[in-house]
Amino acid sequence: MWTQLALQTDLYQLTMVGGYVHEGKKDQWATFDYFFRSIPDDGGYCVLAGLADVIEYIRRLRFNKKDLSYLDGLGIFSDEVLEYLDNFKFTGDLCAIPEGTVVFPHEPLIRVTAPLPEAQIIESALLNIMNFQTLIATKGARVNWAAHGDPVMDFGLRRAHGPDGALMASRAAYVGGVDATSNVLAGRIYGIPVRGTHAHSWVESFPSELEAFRAYAKVYPDACLLLADTYDTLQSGVPNAIQVGRELRKKGHELLGIRLDSGDLAYLSKEARKMLDEAGFPDAAIVASSDLDELIIESLKRQGSRINIWGVGTRLVTSFSYPALGGVYKLTALDDGKGMEPKIKRSDNPEKITNPGLKKVARIYDQRGRMRGDVLFLDEEEIPMGRSFRAYHPLFSHVFKTYPKRFKIRELMMPIFQEGELVYKSPSVKAIRENTMKNLKQLDAAYKRFRNPHTYHVSLSPSLFKIKQRLLREAARRK
(Lines of atoms letter the chains of each structure in order from A and count residues from 1; the text may use other names and numbers.)
(Lines give C-alpha, C1' and ligand atoms only; values in the text may rest on other atoms or scores of the structure.)
Protein backbone atom coordinates (compact mmCIF):
# COMPACT_ATOMS: atom_id res chain seq x y z
CA MET A 1 0.00 0.00 0.00
CA TRP A 2 2.81 2.41 0.88
CA THR A 3 5.34 1.50 -1.80
CA GLN A 4 3.86 3.61 -4.62
CA LEU A 5 2.72 6.78 -2.89
CA ALA A 6 5.53 9.18 -3.79
CA LEU A 7 3.30 10.78 -6.42
CA GLN A 8 0.29 10.84 -4.10
CA THR A 9 0.75 14.58 -3.84
CA ASP A 10 -0.51 17.80 -5.35
CA LEU A 11 1.53 19.09 -8.26
CA TYR A 12 2.17 22.39 -6.54
CA GLN A 13 4.12 20.59 -3.81
CA LEU A 14 6.59 19.42 -6.44
CA THR A 15 6.73 22.74 -8.26
CA MET A 16 7.53 24.41 -4.94
CA VAL A 17 10.22 21.79 -4.34
CA GLY A 18 11.65 22.65 -7.74
CA GLY A 19 11.61 26.31 -6.80
CA TYR A 20 13.37 25.64 -3.50
CA VAL A 21 16.09 23.68 -5.32
CA HIS A 22 16.69 26.43 -7.88
CA GLU A 23 16.49 29.27 -5.35
CA GLY A 24 19.08 27.73 -3.06
CA LYS A 25 16.53 26.93 -0.34
CA LYS A 26 16.67 23.12 -0.40
CA ASP A 27 18.74 23.09 2.79
CA GLN A 28 16.76 25.80 4.59
CA TRP A 29 14.86 24.33 7.53
CA ALA A 30 11.27 25.14 8.39
CA THR A 31 8.56 24.05 10.78
CA PHE A 32 5.03 23.15 9.71
CA ASP A 33 2.05 22.38 11.98
CA TYR A 34 -0.82 20.06 11.14
CA PHE A 35 -4.06 21.14 12.86
CA PHE A 36 -7.77 21.60 12.16
CA ARG A 37 -9.91 24.69 12.59
CA SER A 38 -13.40 23.35 13.33
CA ILE A 39 -14.96 20.19 14.75
CA PRO A 40 -17.19 18.00 12.55
CA ASP A 41 -20.93 17.95 13.18
CA ASP A 42 -20.63 21.00 15.47
CA GLY A 43 -19.22 18.62 18.04
CA GLY A 44 -17.08 19.23 21.08
CA TYR A 45 -13.96 17.18 20.30
CA CYS A 46 -12.11 15.04 17.76
CA VAL A 47 -10.29 11.73 18.16
CA LEU A 48 -6.87 11.77 16.53
CA ALA A 49 -6.19 8.86 14.16
CA GLY A 50 -3.93 8.00 11.24
CA LEU A 51 -0.46 8.59 12.68
CA ALA A 52 0.74 5.00 12.15
CA ASP A 53 -0.04 5.25 8.45
CA VAL A 54 1.72 8.61 8.19
CA ILE A 55 4.79 7.05 9.82
CA GLU A 56 4.77 4.18 7.35
CA TYR A 57 4.32 6.57 4.42
CA ILE A 58 7.28 8.74 5.45
CA ARG A 59 9.46 5.75 6.29
CA ARG A 60 9.01 4.29 2.80
CA LEU A 61 8.86 7.52 0.81
CA ARG A 62 11.10 7.25 -2.27
CA PHE A 63 10.78 8.25 -5.93
CA ASN A 64 11.35 5.23 -8.18
CA LYS A 65 12.39 5.22 -11.84
CA LYS A 66 8.79 5.16 -13.09
CA ASP A 67 7.93 8.13 -10.89
CA LEU A 68 10.91 10.11 -12.16
CA SER A 69 10.23 9.15 -15.78
CA TYR A 70 6.66 10.40 -15.45
CA LEU A 71 7.77 13.67 -13.88
CA ASP A 72 10.40 14.12 -16.57
CA GLY A 73 7.70 13.65 -19.20
CA LEU A 74 5.70 16.55 -17.80
CA GLY A 75 8.38 18.85 -19.14
CA ILE A 76 8.39 21.20 -16.17
CA PHE A 77 11.21 19.85 -13.97
CA SER A 78 14.91 20.34 -14.60
CA ASP A 79 17.52 17.59 -14.35
CA GLU A 80 18.68 19.18 -11.10
CA VAL A 81 15.22 18.82 -9.55
CA LEU A 82 14.83 15.25 -10.80
CA GLU A 83 18.23 14.39 -9.34
CA TYR A 84 17.13 15.83 -6.00
CA LEU A 85 13.99 13.68 -6.05
CA ASP A 86 15.99 10.61 -7.08
CA ASN A 87 18.01 10.93 -3.87
CA PHE A 88 15.07 11.95 -1.68
CA LYS A 89 14.82 10.71 1.90
CA PHE A 90 13.14 12.39 4.86
CA THR A 91 15.88 13.64 7.19
CA GLY A 92 13.88 15.89 9.49
CA ASP A 93 12.16 15.76 12.86
CA LEU A 94 8.51 14.96 13.43
CA CYS A 95 6.64 15.20 16.73
CA ALA A 96 3.02 14.24 17.20
CA ILE A 97 0.22 13.72 19.68
CA PRO A 98 -0.45 9.95 19.95
CA GLU A 99 -3.42 8.38 18.20
CA GLY A 100 -6.53 7.92 20.29
CA THR A 101 -6.01 11.28 22.01
CA VAL A 102 -8.97 13.64 22.21
CA VAL A 103 -7.92 16.84 20.43
CA PHE A 104 -9.31 20.28 19.66
CA PRO A 105 -9.09 23.09 17.07
CA HIS A 106 -5.97 25.17 16.48
CA GLU A 107 -3.54 23.03 18.42
CA PRO A 108 -0.63 21.35 16.59
CA LEU A 109 -1.29 17.65 16.26
CA ILE A 110 1.80 16.95 14.17
CA ARG A 111 4.87 19.21 14.04
CA VAL A 112 7.34 18.75 11.18
CA THR A 113 10.77 20.42 11.26
CA ALA A 114 12.80 19.63 8.17
CA PRO A 115 14.44 21.11 5.08
CA LEU A 116 11.76 23.01 3.15
CA PRO A 117 11.40 20.54 0.25
CA GLU A 118 11.09 17.55 2.59
CA ALA A 119 8.48 19.22 4.77
CA GLN A 120 6.59 20.30 1.64
CA ILE A 121 6.55 16.93 -0.13
CA ILE A 122 4.84 15.08 2.72
CA GLU A 123 2.04 17.64 3.16
CA SER A 124 -0.64 16.26 0.82
CA ALA A 125 -0.39 12.62 1.89
CA LEU A 126 -0.20 13.59 5.56
CA LEU A 127 -3.38 15.66 5.23
CA ASN A 128 -5.14 12.93 3.24
CA ILE A 129 -4.40 10.27 5.85
CA MET A 130 -4.90 12.28 9.03
CA ASN A 131 -7.98 14.22 7.95
CA PHE A 132 -9.88 11.11 6.88
CA GLN A 133 -8.98 8.84 9.77
CA THR A 134 -9.52 11.55 12.40
CA LEU A 135 -12.91 12.31 10.85
CA ILE A 136 -14.02 8.66 10.99
CA ALA A 137 -12.55 8.01 14.44
CA THR A 138 -14.51 11.00 15.71
CA LYS A 139 -17.71 9.70 14.12
CA GLY A 140 -17.02 6.29 15.66
CA ALA A 141 -16.66 7.88 19.10
CA ARG A 142 -19.95 9.73 18.68
CA VAL A 143 -21.76 6.55 17.64
CA ASN A 144 -20.24 4.68 20.57
CA TRP A 145 -21.33 7.45 22.95
CA ALA A 146 -24.90 7.26 21.62
CA ALA A 147 -24.99 3.48 22.13
CA HIS A 148 -24.33 3.89 25.89
CA GLY A 149 -22.21 0.77 26.24
CA ASP A 150 -24.03 -1.43 23.72
CA PRO A 151 -21.69 -3.11 21.21
CA VAL A 152 -21.37 -1.27 17.88
CA MET A 153 -20.30 -2.97 14.65
CA ASP A 154 -18.91 -1.32 11.51
CA PHE A 155 -20.96 -2.54 8.55
CA GLY A 156 -19.72 0.09 6.09
CA LEU A 157 -17.39 -1.76 3.72
CA ARG A 158 -19.70 -1.76 0.71
CA ARG A 159 -20.47 1.97 0.96
CA ALA A 160 -16.95 3.19 1.73
CA HIS A 161 -14.99 5.36 -0.70
CA GLY A 162 -13.04 2.59 -2.41
CA PRO A 163 -10.98 -0.30 -1.00
CA ASP A 164 -8.32 1.86 0.68
CA GLY A 165 -11.03 4.11 2.12
CA ALA A 166 -12.85 1.07 3.49
CA LEU A 167 -9.72 -0.27 5.16
CA MET A 168 -8.78 3.07 6.72
CA ALA A 169 -12.38 3.66 7.78
CA SER A 170 -12.61 0.31 9.57
CA ARG A 171 -9.35 1.03 11.38
CA ALA A 172 -10.37 4.55 12.35
CA ALA A 173 -13.87 3.53 13.45
CA TYR A 174 -12.33 0.93 15.76
CA VAL A 175 -9.91 3.51 17.13
CA GLY A 176 -12.92 5.72 17.84
CA GLY A 177 -14.68 3.06 19.89
CA VAL A 178 -16.55 0.75 17.51
CA ASP A 179 -16.28 -2.84 18.77
CA ALA A 180 -16.04 -4.90 15.58
CA THR A 181 -16.14 -4.77 11.79
CA SER A 182 -17.58 -6.76 8.92
CA ASN A 183 -14.41 -6.00 6.92
CA VAL A 184 -12.41 -9.24 6.97
CA LEU A 185 -9.24 -7.62 5.57
CA ALA A 186 -9.29 -5.04 8.37
CA GLY A 187 -9.64 -7.92 10.80
CA ARG A 188 -6.59 -9.66 9.41
CA ILE A 189 -4.36 -6.57 9.14
CA TYR A 190 -5.32 -4.78 12.36
CA GLY A 191 -6.63 -7.54 14.60
CA ILE A 192 -10.09 -5.97 14.80
CA PRO A 193 -12.81 -8.46 15.79
CA VAL A 194 -14.93 -9.41 12.76
CA ARG A 195 -18.67 -10.01 12.90
CA GLY A 196 -21.43 -10.82 10.45
CA THR A 197 -24.71 -12.66 9.96
CA HIS A 198 -26.35 -13.35 6.59
CA ALA A 199 -28.17 -11.33 3.95
CA HIS A 200 -31.75 -11.39 2.70
CA SER A 201 -30.46 -13.30 -0.34
CA TRP A 202 -29.72 -16.29 1.92
CA VAL A 203 -33.35 -16.43 2.99
CA GLU A 204 -34.65 -15.87 -0.55
CA SER A 205 -32.48 -18.70 -1.90
CA PHE A 206 -34.51 -21.29 0.05
CA PRO A 207 -38.13 -22.39 -0.52
CA SER A 208 -39.15 -20.87 2.82
CA GLU A 209 -37.80 -18.64 5.56
CA LEU A 210 -37.94 -21.46 8.10
CA GLU A 211 -35.85 -23.73 5.86
CA ALA A 212 -33.31 -20.93 5.38
CA PHE A 213 -33.05 -20.41 9.13
CA ARG A 214 -32.70 -24.15 9.79
CA ALA A 215 -29.95 -24.44 7.18
CA TYR A 216 -28.02 -21.54 8.69
CA ALA A 217 -28.39 -23.00 12.19
CA LYS A 218 -27.15 -26.37 10.93
CA VAL A 219 -23.96 -24.82 9.49
CA TYR A 220 -23.36 -22.37 12.36
CA PRO A 221 -25.04 -23.81 15.47
CA ASP A 222 -22.93 -21.77 17.89
CA ALA A 223 -23.05 -18.51 15.92
CA CYS A 224 -26.66 -18.42 14.82
CA LEU A 225 -27.98 -14.86 14.49
CA LEU A 226 -30.88 -14.66 12.04
CA LEU A 227 -32.04 -11.79 9.82
CA ALA A 228 -35.74 -11.58 10.64
CA ASP A 229 -37.22 -8.99 8.25
CA THR A 230 -37.08 -10.57 4.78
CA TYR A 231 -40.84 -11.12 4.60
CA ASP A 232 -42.69 -10.09 7.77
CA THR A 233 -40.71 -9.44 10.93
CA LEU A 234 -43.38 -10.13 13.56
CA GLN A 235 -45.60 -12.59 11.71
CA SER A 236 -42.86 -14.67 10.14
CA GLY A 237 -39.26 -13.74 10.94
CA VAL A 238 -39.30 -13.72 14.74
CA PRO A 239 -41.59 -16.78 15.10
CA ASN A 240 -39.37 -18.76 12.72
CA ALA A 241 -36.26 -17.66 14.59
CA ILE A 242 -37.86 -18.81 17.85
CA GLN A 243 -38.71 -22.18 16.28
CA VAL A 244 -35.12 -22.66 15.15
CA GLY A 245 -33.91 -21.49 18.57
CA ARG A 246 -35.92 -24.26 20.23
CA GLU A 247 -34.50 -26.83 17.83
CA LEU A 248 -30.97 -25.59 18.53
CA ARG A 249 -31.53 -25.80 22.27
CA LYS A 250 -32.57 -29.43 22.02
CA LYS A 251 -29.18 -30.11 20.42
CA GLY A 252 -27.27 -28.26 23.14
CA HIS A 253 -26.84 -24.90 21.36
CA GLU A 254 -28.33 -21.45 21.88
CA LEU A 255 -29.78 -18.89 19.48
CA LEU A 256 -27.55 -15.80 19.57
CA GLY A 257 -30.29 -13.46 18.41
CA ILE A 258 -31.98 -11.75 15.49
CA ARG A 259 -31.19 -8.80 13.25
CA LEU A 260 -33.63 -6.10 12.12
CA ASP A 261 -32.71 -4.19 8.97
CA SER A 262 -35.87 -2.24 8.08
CA GLY A 263 -39.11 -0.81 9.39
CA ASP A 264 -39.85 0.98 12.63
CA LEU A 265 -36.89 -0.27 14.63
CA ALA A 266 -38.18 1.04 17.95
CA TYR A 267 -41.57 -0.67 17.64
CA LEU A 268 -40.26 -3.87 16.05
CA SER A 269 -37.50 -4.30 18.62
CA LYS A 270 -39.93 -3.90 21.53
CA GLU A 271 -42.37 -6.41 20.07
CA ALA A 272 -39.61 -8.83 19.14
CA ARG A 273 -38.20 -8.60 22.66
CA LYS A 274 -41.58 -9.56 24.13
CA MET A 275 -41.84 -12.53 21.81
CA LEU A 276 -38.33 -13.76 22.49
CA ASP A 277 -38.70 -13.37 26.26
CA GLU A 278 -42.05 -15.13 26.35
CA ALA A 279 -40.57 -17.99 24.32
CA GLY A 280 -37.75 -18.41 26.81
CA PHE A 281 -34.94 -16.56 24.99
CA PRO A 282 -34.24 -13.53 27.22
CA ASP A 283 -30.54 -13.59 26.32
CA ALA A 284 -31.06 -13.56 22.56
CA ALA A 285 -29.68 -10.28 21.20
CA ILE A 286 -31.53 -7.87 18.94
CA VAL A 287 -29.19 -6.37 16.37
CA ALA A 288 -30.28 -3.37 14.30
CA SER A 289 -28.86 -1.95 11.09
CA SER A 290 -30.47 0.26 8.38
CA ASP A 291 -28.66 3.60 7.84
CA LEU A 292 -28.01 4.28 11.51
CA ASP A 293 -25.92 7.09 12.95
CA GLU A 294 -25.42 8.61 16.39
CA LEU A 295 -28.53 10.81 16.21
CA ILE A 296 -30.80 7.95 15.13
CA ILE A 297 -29.37 5.68 17.82
CA GLU A 298 -29.89 8.40 20.43
CA SER A 299 -33.50 8.79 19.26
CA LEU A 300 -34.16 5.04 19.33
CA LYS A 301 -32.78 4.90 22.85
CA ARG A 302 -35.16 7.67 23.93
CA GLN A 303 -38.05 5.76 22.39
CA GLY A 304 -37.30 2.75 24.58
CA SER A 305 -36.13 0.45 21.80
CA ARG A 306 -34.87 -2.94 22.91
CA ILE A 307 -31.94 -3.05 20.52
CA ASN A 308 -28.71 -4.07 22.21
CA ILE A 309 -26.25 -4.36 19.31
CA TRP A 310 -25.90 -1.69 16.61
CA GLY A 311 -24.65 -2.21 13.05
CA VAL A 312 -23.62 1.15 11.59
CA GLY A 313 -22.46 1.42 7.99
CA THR A 314 -22.77 4.18 5.43
CA ARG A 315 -23.16 7.07 7.83
CA LEU A 316 -20.12 5.94 9.80
CA VAL A 317 -17.48 5.14 7.17
CA THR A 318 -18.37 8.13 4.98
CA SER A 319 -19.10 10.51 7.87
CA PHE A 320 -22.30 11.14 5.94
CA SER A 321 -23.36 14.25 7.87
CA TYR A 322 -19.94 15.96 7.66
CA PRO A 323 -17.86 14.56 4.81
CA ALA A 324 -14.48 16.23 5.37
CA LEU A 325 -12.28 17.40 8.23
CA GLY A 326 -10.71 20.77 7.42
CA GLY A 327 -7.23 19.93 8.61
CA VAL A 328 -4.44 22.19 7.36
CA TYR A 329 -0.63 22.21 7.29
CA LYS A 330 0.91 25.62 7.84
CA LEU A 331 4.43 27.00 8.03
CA THR A 332 5.06 28.40 11.52
CA ALA A 333 8.84 28.95 11.63
CA LEU A 334 11.75 29.38 9.20
CA ASP A 335 15.50 29.22 9.70
CA ASP A 336 16.88 32.68 8.88
CA GLY A 337 20.49 31.72 9.49
CA LYS A 338 20.34 32.75 13.13
CA GLY A 339 17.76 30.26 14.28
CA MET A 340 14.13 29.35 13.75
CA GLU A 341 12.22 32.60 13.27
CA PRO A 342 8.46 32.42 14.08
CA LYS A 343 6.15 32.99 11.11
CA ILE A 344 2.43 33.79 11.02
CA LYS A 345 -0.37 33.71 8.49
CA ARG A 346 -2.55 36.81 8.86
CA SER A 347 -6.16 36.80 7.64
CA ASP A 348 -9.27 38.94 7.79
CA ASN A 349 -10.93 35.74 8.98
CA PRO A 350 -9.72 35.35 12.61
CA GLU A 351 -10.16 31.57 12.42
CA LYS A 352 -7.46 31.41 9.73
CA ILE A 353 -4.78 33.27 11.71
CA THR A 354 -2.08 30.77 12.64
CA ASN A 355 -0.19 30.33 15.91
CA PRO A 356 3.52 30.99 15.20
CA GLY A 357 6.73 29.27 16.21
CA LEU A 358 7.79 25.84 17.42
CA LYS A 359 5.17 24.83 19.95
CA LYS A 360 4.26 22.05 22.32
CA VAL A 361 0.86 21.17 23.75
CA ALA A 362 0.19 20.73 27.46
CA ARG A 363 -3.05 19.34 28.85
CA ILE A 364 -4.38 20.47 32.22
CA TYR A 365 -6.22 18.04 34.53
CA ASP A 366 -8.12 18.78 37.74
CA GLN A 367 -7.96 16.71 40.94
CA ARG A 368 -10.49 14.23 39.56
CA GLY A 369 -8.34 13.62 36.48
CA ARG A 370 -10.75 15.54 34.24
CA MET A 371 -9.46 17.55 31.32
CA ARG A 372 -9.76 21.29 31.97
CA GLY A 373 -7.99 22.87 29.02
CA ASP A 374 -5.00 22.73 26.67
CA VAL A 375 -2.23 25.33 26.52
CA LEU A 376 0.26 25.92 23.71
CA PHE A 377 3.78 26.74 24.89
CA LEU A 378 6.88 27.67 22.94
CA ASP A 379 9.07 24.62 22.59
CA GLU A 380 11.84 26.11 24.72
CA GLU A 381 9.46 27.15 27.54
CA GLU A 382 9.40 25.29 30.82
CA ILE A 383 6.01 23.76 31.60
CA PRO A 384 4.81 25.41 34.87
CA MET A 385 4.44 22.24 36.93
CA GLY A 386 3.18 22.78 40.47
CA ARG A 387 2.45 26.49 40.19
CA SER A 388 -0.45 28.60 39.00
CA PHE A 389 -0.23 30.37 35.67
CA ARG A 390 -2.26 32.41 33.24
CA ALA A 391 -3.08 31.36 29.64
CA TYR A 392 -4.57 33.63 27.00
CA HIS A 393 -7.25 33.38 24.35
CA PRO A 394 -5.49 33.02 20.95
CA LEU A 395 -6.53 36.56 19.94
CA PHE A 396 -7.84 38.61 22.86
CA SER A 397 -5.65 39.79 25.74
CA HIS A 398 -8.64 40.46 27.99
CA VAL A 399 -9.79 36.82 27.74
CA PHE A 400 -7.65 34.45 29.79
CA LYS A 401 -7.78 31.54 32.20
CA THR A 402 -5.82 31.13 35.40
CA TYR A 403 -4.95 27.53 36.18
CA PRO A 404 -4.31 26.80 39.89
CA LYS A 405 -1.17 25.03 41.03
CA ARG A 406 -3.16 22.04 42.29
CA PHE A 407 -3.98 21.10 38.68
CA LYS A 408 -1.74 18.56 36.96
CA ILE A 409 -0.11 19.18 33.58
CA ARG A 410 0.95 16.65 30.95
CA GLU A 411 2.78 17.37 27.72
CA LEU A 412 1.07 15.64 24.79
CA MET A 413 3.50 15.66 21.86
CA MET A 414 6.03 12.85 21.44
CA PRO A 415 9.08 12.53 19.15
CA ILE A 416 8.38 10.27 16.16
CA PHE A 417 11.28 10.94 13.77
CA GLN A 418 14.58 12.50 14.78
CA GLU A 419 17.01 13.47 12.01
CA GLY A 420 15.04 11.18 9.71
CA GLU A 421 15.27 8.13 11.96
CA LEU A 422 12.13 6.56 13.39
CA VAL A 423 12.33 6.64 17.20
CA TYR A 424 8.72 5.70 18.00
CA LYS A 425 7.03 2.32 18.01
CA SER A 426 3.39 2.52 17.00
CA PRO A 427 1.09 0.74 19.46
CA SER A 428 -1.41 -1.85 18.32
CA VAL A 429 -4.78 -0.65 17.08
CA LYS A 430 -6.34 -2.25 20.16
CA ALA A 431 -4.03 -0.21 22.43
CA ILE A 432 -4.89 2.96 20.50
CA ARG A 433 -8.60 2.22 20.99
CA GLU A 434 -7.97 1.79 24.72
CA ASN A 435 -6.28 5.20 24.72
CA THR A 436 -9.39 6.67 23.10
CA MET A 437 -11.61 5.16 25.78
CA LYS A 438 -9.34 6.53 28.51
CA ASN A 439 -9.34 10.00 26.96
CA LEU A 440 -13.11 10.09 26.57
CA LYS A 441 -13.57 9.11 30.22
CA GLN A 442 -11.44 12.12 31.17
CA LEU A 443 -13.63 14.46 29.09
CA ASP A 444 -16.79 15.82 30.75
CA ALA A 445 -20.13 14.91 29.19
CA ALA A 446 -20.74 18.59 28.44
CA TYR A 447 -18.19 18.35 25.61
CA LYS A 448 -19.68 15.11 24.26
CA ARG A 449 -23.32 16.07 23.86
CA PHE A 450 -24.52 16.30 20.26
CA ARG A 451 -26.26 19.66 20.52
CA ASN A 452 -24.48 22.83 21.67
CA PRO A 453 -21.55 21.10 23.36
CA HIS A 454 -19.42 23.13 25.73
CA THR A 455 -16.35 24.74 24.12
CA TYR A 456 -13.05 23.30 25.28
CA HIS A 457 -10.40 25.96 25.87
CA VAL A 458 -7.18 25.93 23.86
CA SER A 459 -5.05 28.83 25.10
CA LEU A 460 -1.61 30.36 24.56
CA SER A 461 1.14 30.85 27.10
CA PRO A 462 1.96 34.51 27.83
CA SER A 463 5.20 34.30 25.85
CA LEU A 464 3.54 32.76 22.80
CA PHE A 465 0.70 35.28 22.99
CA LYS A 466 3.18 38.19 22.98
CA ILE A 467 5.01 36.84 19.95
CA LYS A 468 1.74 36.34 18.09
CA GLN A 469 0.58 39.88 18.82
CA ARG A 470 3.94 41.30 17.71
CA LEU A 471 3.86 39.38 14.43
CA LEU A 472 0.28 40.50 13.76
CA ARG A 473 1.29 44.13 14.25
CA GLU A 474 4.27 43.73 11.96
CA ALA A 475 2.14 42.03 9.32
CA ALA A 476 -0.40 44.88 9.49
CA ARG A 477 2.37 47.42 8.85
CA ARG A 478 3.50 45.49 5.76
CA LYS A 479 0.09 45.71 4.10
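For what it's worth, the working numbering labels the leading residue of the sequence shown as -18, then goes sequentially. Glycine included, C-beta positions come from ideal geometry on N, C-alpha and C.
Neighbour-count burial assignment, Gly464, 16 or more Cβ in a 10 Å radius = Lying before the first or after the last residue shown, residue 464 is absent from the chain, which here runs from -18 to 460.
Helix, strand or coil at Met366 according to DSSP, with G and I counted as helix | Shown here, Met366 sits in coil according to DSSP, grouped into three states, outside any helix or strand.
Flag this pair as touching only if the segment 435 to 454 and the segment 51 to 68 have three or more C-beta atom pairs under 8 Å; answer yes or no.
-> Proximity of the segment 435 to 454 to the segment 51 to 68 falls short of the contact definition, fewer than three beta-carbon pairs being nearer than 8 Å.
Using 10 angstroms around the beta-carbon of Phe377, count the other beta-carbons present and answer buried if the total reaches 16, otherwise exposed.
-> By the 10 Å Cβ count, Phe377 comes out exposed.
Can you say whether Ala305 is buried or exposed, counting buried as having 16 or more other CB atoms within 10 angstroms of its CB?
-> With fewer than 16 Cβ atoms within 10 Å of its Cβ, Ala305 is classed as exposed.
State buried or exposed for Ser300, treating a residue as buried only when at least 16 other CB atoms are found within 10 Å of its CB.
-> Buried is the call here.
Nearest-angstrom beta carbon gap, Ala426 and Leu275 [assumed within contact, 8 Å] | Note that residue 275 is Glu in the sequence shown here, rather than Leu. Rounded to whole angstroms, the Cβ separation of Glu275 and Ala426 is 14 Å, and the two are not in contact under 8 Å.
Can the beta-carbon of Val298 be found closer than 9 Å to that of Ala141?
-> Taking 9 Å as the Cβ cut-off, Val298 and Ala141 qualify as a contacting pair.
Just to confirm, does Met418 get its C-beta within under 8 Å of one of the non-hydrogen atoms of the ligand MG?
-> By its list of ligands, the structure shown contains no ligand whatsoever, and the ligand MG lies outside what it can speak to.
Mind pulling the alpha helix (DSSP H) runs of 4 or more residues that sit fully within the segment 11 to 88?
-> Fully contained in the segment 11 to 88 are the following alpha helix (DSSP H) runs of length 4 or more, in chain order: 32 to 41, 46 to 54 and 60 to 67.
Note down, in chain order, each residue of its chain lying with its Cβ closer than 6 Å to the Cβ of Gly(-1), except the 5 sequence neighbours on either side.
-> Excluding sequence positions up to five before and after Gly(-1), its CB lies within less than 6 Å of the CB of Phe58 and Val62, all in the same chain and listed in chain order.
Just mark Tyr51 as buried or exposed, buried being the case when its beta carbon has 16 or more other beta carbons within 10 Å.
-> Sixteen is the threshold: since fewer than 16 other Cβ atoms of the shown chains lie within 10 Å of the Cβ of Tyr51, the residue is exposed.
State the Cα-Cα distance for the pair Ile117 and Lys231, rounded to the nearest angstrom.
-> Rounded to whole angstroms, Ile117 and Lys231 show a C-alpha spacing of 44 Å.
Can you tell me which of the three DSSP states Arg459 falls into?
-> DSSP places Arg459 outside both helix and strand once states are collapsed to three, so it counts as coil.
Range of the contiguous beta strand (DSSP E) that encloses Met394 = No residue range can be given for Met394, since it is assigned to no beta strand (DSSP E) and is classified by DSSP as neither H nor E.
Which full runs of the beta strand (DSSP E) of 3+ residues lie inside the segment 119 to 186, going along the chain?
-> Positions of the beta strand (DSSP E) runs, each at least 3 residues long and wholly inside the segment 119 to 186, are given as 133 to 135 in order along the chain.
Specify, as a first and last residue, the run of the beta strand (DSSP E) that Ser440 falls within.
-> For Ser440, the uninterrupted beta strand (DSSP E) run begins and ends at Val439 to Leu441, by DSSP.
Please classify Lys341: is it buried, with 16 or more other beta-carbons within 10 angstroms of its beta-carbon, or exposed?
-> By the neighbour-count rule (16 or more Cβ atoms within 10 Å), Lys341 is buried.
4 or more residues per run - each alpha helix (DSSP H) lying fully within the segment 264 to 342 = Along the segment 264 to 342, the alpha helix (DSSP H) occurs as fully enclosed runs of 4 or more residues at 275 to 283 and 295 to 298, listed in sequence order.
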